[in-house]
Amino acid sequence: QAQYANSGGGLVQAGGSLRLSCEVPQNGFSRFAMAWYRQAPGKERELVARINHVGGTNYADSVKGRFTISRDNAKNSLYLQMNSLKTEDTATYYCNTYPYSRQLWGQGTQVTVSS
1 QAQYANSGGG LVQAGGSLRL SCEVPQNGFS RFAMAWYRQA PGKERELVAR INHVGGTNYA
61 DSVKGRFTIS RDNAKNSLYL QMNSLKTEDT ATYYCNTYPY SRQLWGQGTQ VTVSS
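The sequence shown begins at 1 in the working numbering and counts up one residue at a time.
Spelled out as structure tokens, the structure:
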């Protein structure tokens with residue numbers, strides 16, 4: 001299986017916004033629950049947000065009210081809109097299925113939030 005390609009990261013000031021995108025080159029995308037994960041330096045990878053095949057969502061407490069996960073099944077794409085970014089959101093962000101598949105971790109996209 002091909003790894004997922006993430007994009008949209010970058011450097012932003014605290015309080016700013018970014019939108020991450022993930023293209024999923026996989027048949028049957030619309031049937032999968034998907035998620036965004038992140039890993040900060042020196043920390044374990046953590047679940048940020050997930051979305052099921054019919055659009056139901058769930059968020060980590062640390063991002064609730066600031067991040068929005070969405071999907072476009074016609075485009076085999078997953079998105080993460082991140083608003084009111086904080087320095088503690090600095091991490092490498094990855095998309096994967098939920099639960100995750102070890103074979104699908106890609107390079108991730110770096111998000112750096114400056115104070």
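Every residue gets a Cβ at the ideal spot worked out from N, C-alpha and C, and that includes glycine.
Predicted model only: the values in this text are computed from it and were never measured.
- Secondary-structure assignment with DSSP links residue 7 through a beta bridge to 21.
- Spanning the alpha carbons of residue 26 and residue 96 requires a straight line of approximately 12 angstroms.
- About 6 angstroms separates the Cβ atoms of residue 20 and residue 109, confirming a contact at the 8 angstroms cut-off.
- DSSP assignment within the stretch 43–112 yields the following whole beta strand (DSSP E) runs of 3 residues or more, N-terminal first: 46–51, 57–59, 67–72, 77–82 and 91–97.
- Approximately 6 angstroms separates the beta-carbon atoms of residue 113 and residue 14; this is inside 8 angstroms, confirming the contact.
- Judged by DSSP in its simplified three-state form, residue 30 adopts helix.
- Spatial neighbours of residue 10 in its own chain (CB-CB distance under 8 angstroms, excluding positions within 5 residues in sequence) are listed in chain order as 18, 110, 111 and 112.
- Shown here for residue 8: same chain residues with a beta carbon closer than 7 angstroms to its own, the five before and five after excluded, namely 18, 19, 20, 21 and 109 in chain order.
- Taking the Cα positions, residue 52 is about 7 angstroms away from residue 32.
- Just measuring C-alpha positions, the residue of 85, 74 and 75 sitting nearest residue 68 is 85.
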